[in-house]
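Numbering (my numbering), first residue to last: 53 to 161. The block underneath contains the structure these notes are about, expressed in structure tokens.
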């Protein structure tokens, strides 16, 4: 994980630097973005090989892992933003209605 943090720091340093022109910054951004995406994928697959070992039934195991992993990964980008985006709105709306009832009971017009 420290390699990933180091990549992010170098990435931010190059992007905010005044030394490079726009086109090299864009090229460096694309190359580093691809590297930052591929690095965690490689590290996760390497750690899976270390802890679970290599399998000889590659095709069956791969299909099982892809289907199992996809069932968790596919809904995640949709569920988490919705949960964190909707919960405060519902909570504050409920608190606002309670506050209105409280104020209407104690302060008459």
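Ideal Cβ placement from N, Cα and C applies to all residues, glycine included.
With a CB to CB cut of under 6 Å and the five nearest residues on each side skipped, what residues in its chain are close to residue i?
i, result
"residue 63", "84"
"residue 80", "66"
"residue 101", "none"
Less than 7 Å between C-beta atoms, sequence neighbours within five positions excluded: which residues of the same chain meet that for residue i?
i, result
"residue 69", "none"
What would DSSP say about residue i, mapped onto helix, strand or coil?
i, result
"residue 69", "coil"
"residue 159", "coil"
Give me, in chain order, the residues of the same chain whose beta-carbon lies closer than 8 Å to that of residue i; leave out the 5 immediate sequence neighbours on both sides.
i, result
"residue 103", "none"
"residue 162", "With the chain covering 53 to 161 only, the question about residue 162 has no answer from this structure."
Whole angstroms is fine: what's the gap from residue i's alpha carbon to residue j's?
i, j, result
"residue 93", "residue 73", "31 Å"
"residue 95", "residue 75", "30 Å"
"residue 150", "residue 159", "14 Å"
"residue 99", "residue 61", "24 Å"
"residue 82", "residue 57", "17 Å"
"residue 71", "residue 97", "37 Å"
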